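Chains A and B supply the protein sequences, listed in that same order.
Residue 109 in the working numbering sits at position 109 of the first sequence, and the numbers go up by one each step.
Residue 342 in the working numbering sits at position 342 of the second sequence, and the numbers go up by one each step.
Protein chains: 2
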Amino acid sequence: MITWSSLYHVVEAMMPLYAAMALGYASVRKKAFTPEQCVGINHFVALLAVPLLIFRMISSNNPYTMNIRFLAADTLQKVIILAALAAWARFSNNGSIAWVITLFSLATLPNTVLMGVPVLRGMYGPMSENLMVQIVVLQFVVWYVLVVFLFEYMAAQNAFMEQQQMSPPQANGSHSVDIPAVNADGSDPDVSIAQEETIRPSGMLILVMAVKKILKIPSTYASLLGLFWSLIAFRFGIKMPAIIDNSLSIISVSAIGLGMFSVGAFMAQRKKFITCGYYLAVLAMVMRFLIGPIVMLVSSFAVGLQGVFLNVGVVQAALPLAVLSFVYAEEYNVHPDIMSTGVIVGIFISVPLTILYYVLLGLER
Amino acid sequence: MITWSSLYHVVEAMMPLYAAMALGYASVRKKAFTPEQCVGINHFVALLAVPLLIFRMISSNNPYTMNIRFLAADTLQKVIILAALAAWARFSNNGSIAWVITLFSLATLPNTVLMGVPVLRGMYGPMSENLMVQIVVLQFVVWYVLVVFLFEYMAAQNAFMEQQQMSPPQANGSHSVDIPAVNADGSDPDVSIAQEETIRPSGMLILVMAVKKILKIPSTYASLLGLFWSLIAFRFGIKMPAIIDNSLSIISVSAIGLGMFSVGAFMAQRKKFITCGYYLAVLAMVMRFLIGPIVMLVSSFAVGLQGVFLNVGVVQAALPLAVLSFVYAEEYNVHPDIMSTGVIVGIFISVPLTILYYVLLGLER
Numbered sequence: 001m002i003t004w005s006s007l008y009h010v011v012e013a014m015m016p017l018y019a020a021m022a023l024g025y026a027s028v029r030k031k032a033f034t035p036e037q038c039v040g041i042n043h044f045v046a047l048l049a050v051p052l053l054i055f056r057m058i059s060s061n062n063p064y065t066m067n068i069r070f071l072a073a074d075t076l077q078k079v080i081i082l083a084a085l086a087a088w089a090r091f092s093n094n095g096s097i098a099w100v101i102t103l104f105s106l107a108t109l110p111n112t113v114l115m116g117v118p119v120l121r122g123m124y125g126p127m128s129e130n131l132m133v134q135i136v137v138l139q140f141v142v143w144y145v146l147v148v149f150l151f152e153y154m155a156a157q158n159a160f161m162e163q164q165q166m167s168p169p170q171a172n173g174s175h176s177v178d179i180p181a182v183n184a185d186g187s188d189p190d191v192s193i194a195q196e197e198t199i200r201p202s203g204m205l206i207l208v209m210a211v212k213k214i215l216k217i218p219s220t221y222a223s224l225l226g227l228f229w230s231l232i233a234f235r236f237g238i239k240m241p242a243i244i245d246n247s248l249s250i251i252s253v254s255a256i257g258l259g260m261f262s263v264g265a266f267m268a269q270r271k272k273f274i275t276c277g278y279y280l281a282v283l284a285m286v287m288r289f290l291i292g293p294i295v296m297l298v299s300s301f302a303v304g305l306q307g308v309f310l311n312v313g314v315v316q317a318a319l320p321l322a323v324l325s326f327v328y329a330e331e332y333n334v335h336p337d338i339m340s341t342g343v344i345v346g347i348f349i350s351v352p353l354t355i356l357y358y359v360l361l362g363l364e365r
Numbered sequence: 001m002i003t004w005s006s007l008y009h010v011v012e013a014m015m016p017l018y019a020a021m022a023l024g025y026a027s028v029r030k031k032a033f034t035p036e037q038c039v040g041i042n043h044f045v046a047l048l049a050v051p052l053l054i055f056r057m058i059s060s061n062n063p064y065t066m067n068i069r070f071l072a073a074d075t076l077q078k079v080i081i082l083a084a085l086a087a088w089a090r091f092s093n094n095g096s097i098a099w100v101i102t103l104f105s106l107a108t109l110p111n112t113v114l115m116g117v118p119v120l121r122g123m124y125g126p127m128s129e130n131l132m133v134q135i136v137v138l139q140f141v142v143w144y145v146l147v148v149f150l151f152e153y154m155a156a157q158n159a160f161m162e163q164q165q166m167s168p169p170q171a172n173g174s175h176s177v178d179i180p181a182v183n184a185d186g187s188d189p190d191v192s193i194a195q196e197e198t199i200r201p202s203g204m205l206i207l208v209m210a211v212k213k214i215l216k217i218p219s220t221y222a223s224l225l226g227l228f229w230s231l232i233a234f235r236f237g238i239k240m241p242a243i244i245d246n247s248l249s250i251i252s253v254s255a256i257g258l259g260m261f262s263v264g265a266f267m268a269q270r271k272k273f274i275t276c277g278y279y280l281a282v283l284a285m286v287m288r289f290l291i292g293p294i295v296m297l298v299s300s301f302a303v304g305l306q307g308v309f310l311n312v313g314v315v316q317a318a319l320p321l322a323v324l325s326f327v328y329a330e331e332y333n334v335h336p337d338i339m340s341t342g343v344i345v346g347i348f349i350s351v352p353l354t355i356l357y358y359v360l361l362g363l364e365r
């Protein structure tokens, strides 16, 4: 059963995050920081503070004692949602890769680093911090890599289609293969082959560009390096020297405060909180706070996850949207307004909703 | 006696500070941050992180158990140096308020908040952190207020002299007091009175402007508020609620890392480390690392300070120059090149020198 005291602990864990965010909001509204100065702070968070925090989190986590069942539930949730979205995109007229990425990010990528660790620690104690770290590993080593790959694939596809529209004579004239018969699906073989020829090299190009992009994401290689270090360190019983750990932590401790400050500053620079319209805002919230956690609950039952592990899994799935998802949406210009609304509104909605999930799951036990 | 292990602890305490600084230096050199973005980070440190750190430090310090003898030694050091500089300015042809402020800042205002607390804690354990907090209180409530007042006084004096030079007829014509005799010191009574009339109202103006400036310095009112809170809290046994303390600390923990990062970024933006010439650079280092600590040693003996308190007092007096001193020097354009050199060179020199003082004082015990 949930007691008032444990509920107070949750509020105690969430309050500092909102205080830092409010400070960022107020500072920008009072013109204490220019937009370019805010970019500097945000840049510091994304380039240095968060990657160092991720490295420290992952490098201090024993990879040989990871909870396979817990990670299986998390993976199953993401695979189910991705498969459903891919099927919808394939068979619906409205489907597109852009919407697959947007809805997948909304439903499955919560703010694990900045909000997940402190909030879950407040709810379920230090063991949940360790579980969050395990989700962070997969998030950065697998899922964000996939998201960036899809973004790059889409960008390449768009570039190809523009090229096709701009130069049809060259595209048709470039192939000289003589095929007497019509294709199996009855489509014009000429166009099909012409496209394949141009797509094939661009398939490699997409992969190269995606890898290049991923290597530019400090969080990703911080995860990989951290995982690499932890695999060696926990295998051979090596401890990180205090002098190195302290040198990393002097910067990484600023990640959560500065990250939330930056979210507040970002809000203050927008004219409206809801920039994508109410219909899409509601859709974003349903994906984030209903579909995501419910599919996580189903996945957890499917793999036989129980007790506090189940609770941690579902509650973390009901955290606000990861800020990084918005960053990519803006970089690739794919529904940035929806993602911005998802981050901002999500943060406000998450207080009652995360606590509601926490209470409901507590009642059930 | 100093052991190798205790020396390692000192290096362990200093290393993260230099790591953060090196990161700031490298980031700016690699063009990861624009100058305006660096201003944003520095602004965050000065406006929010450091004041919140100062407030937390001072509000958690029991003002009723402060070490009066220790503070007397610190105060005596500053009074001796100020009196000597004032006498030199009064009786020498080269003396000026500008040089009094510069040399006083160089000799008596070390980097207590960002470097003092972590380094001294590494050397003499947690009790020295408490002693540093007591020096921080005086530094912000008394000494920086004095420095800003002198800067404002000088600015007003310069403004008055410019006004005098630009409009001698009005200045002479404005007084109508008829004095028959010559002044006691034989000077022309006309000019003396004309000056006094203009200086008197500007005396009030200087005070008002200085107070206004001081109220704009977040560190100063963070100190006053912290002192106020601690006087009430420790009198009536009130504890800061964890929820408020955590909300303050989420930002304040970033102060030391971001502060040192900002110092490194500042270095990277300069063309040369020594901008004021070698003669003045040596003078600055002598004031900081020789005159300051020696006068502190003398003052400590004079008030009967002994043992570890004496050591803490002398070692903290040999810390690098406070970054805030440079900030003011630049704001009032009074020897900013000397202060910049003082901060940068001081930080590099301080590693061997602070450790040397630590070892020498350790041998003596």
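In this text, a Cβ means the ideal position worked out from N, Cα and C, and glycines have one as well.
In this text, all values refer to a predicted model and were calculated from it rather than measured experimentally.
Against Ile250/B, the close residues of chain A are Pro16, Leu17, Ala19, Ala20, Ile256, Gly257 and Met260, in the order they occur along the chain (beta-carbon pairs closer than 8 angstroms).
Between His335/B and chain A, the shortest Cβ-Cβ separation is not below 9 angstroms. Each of Ile250/B, Ala265/B and Ser340/B was checked against the Cα of Met115/A, and the nearest Cα belongs to Ile250/B. For a Cβ distance threshold of 7 angstroms, residue set Gly40 and His43 of chain B lies close to Phe33/A, ordered along the chain. When Cβ-Cβ separations below 9 angstroms define contact, Asn111/B makes no contact with chain A. Interface flag for Gln165/A against chain B is unset, since no Cβ pair is found closer than 9 angstroms.
By the neighbour-count criterion, in which 16 or more other beta carbons inside 10 Å mark a residue as buried, Glu331/A falls on the exposed side.
In the structure shown, Leu361/A adopts helical secondary structure according to DSSP, grouped into three states. Contact annotation, Val312/B with Leu131/B: C-beta distance approximately 5 angstroms; criterion of less than 8 angstroms satisfied. Interface flag for Ala222/B against chain A is unset, since no Cβ pair is found closer than 9 angstroms. Burial is judged here by how many other beta carbons sit within 10 angstroms of a residue's own beta carbon; Met166/B has fewer than 16 and is exposed.
Counting C-beta pairs with one atom in each stretch, the stretch 30 to 41 of chain A and the stretch 137 to 157 of chain A have fewer than three that are closer than 8 angstroms, which means they do not touch. Within a 10 Å sphere around the beta-carbon of Ser5/B sit fewer than 16 other beta-carbons, which makes this residue exposed. For the pair His9/A and Thr354/A, the Cα-to-Cα distance works out to about 13 angstroms. Residue nearest to Asn42/A within the set Asp245/A, Gly264/A and Lys272/A is Gly264/A (criterion: CA-CA distance).
Uninterrupted alpha helix (DSSP H) stretches at least 4 residues long and entirely within the stretch 93 to 122 of chain B occur at 97 to 108, given in chain order. Beta-bridge analysis with DSSP links Leu321/A to Pro110/A. If you draw a straight line from the Cα of Val28/A to the Cα of Gln306/B, it comes to about 49 angstroms. For Ile256/B, the CB contacts under 6 angstroms within the same chain, skipping 5 residues up- and downstream, are Leu114 in chain order. Separation of Val327/A and Leu321/A (C-alpha to C-alpha, rounded to the nearest whole angstrom) is 11 angstroms. Remark: C-beta atoms of Phe55/A and Leu85/A do not approach each other more closely than 9 angstroms. Residue contact with chain A for Ser247/B: present (Cβ-Cβ distance below 9 angstroms to some residue of chain A). Here Ile250/B carries a helix assignment [DSSP, helix/strand/coil].
For Ala242/B, the closest Cβ of chain A is nearer than 9 angstroms. Put simply, the stretch 91 to 100 of chain B does not touch the stretch 266 to 283 of chain B. Fewer than three CB pairs are less than 8 angstroms apart. Per DSSP, reduced to three states, the secondary structure at Gln306/A is coil, with no helix or strand assignment. With respect to chain B, the C-beta atom of Glu36/A has a partner C-beta closer than 9 angstroms. The Cβ of Glu12/A sits closer than 9 angstroms to at least one Cβ of chain B. Around the beta carbon of Ile344/B, 16 or more other beta carbons sit within 10 angstroms, so the residue counts as buried.
DSSP, read as helix, strand or coil, puts Val334/B in coil.
At least one beta carbon of chain B lies nearer than 9 angstroms to the beta carbon of Val253/A. Residues are counted here when their Cβ sits less than 8 angstroms from a Cβ of chain A; for the stretch 126 to 145 of chain B the count is zero. The beta carbon of Ser27/B sits closer than 9 angstroms to some beta carbon of chain A. Per the coordinates, the alpha-carbon of Gly362/B lies some 11 angstroms from the alpha-carbon of Leu7/B. Separation of Arg270/A and Tyr64/B (C-alpha to C-alpha, rounded to the nearest whole angstrom) is 48 angstroms. Taking a C-beta cut-off of 9 angstroms against chain A, none of the residues of the stretch 318 to 345 of chain B qualify.
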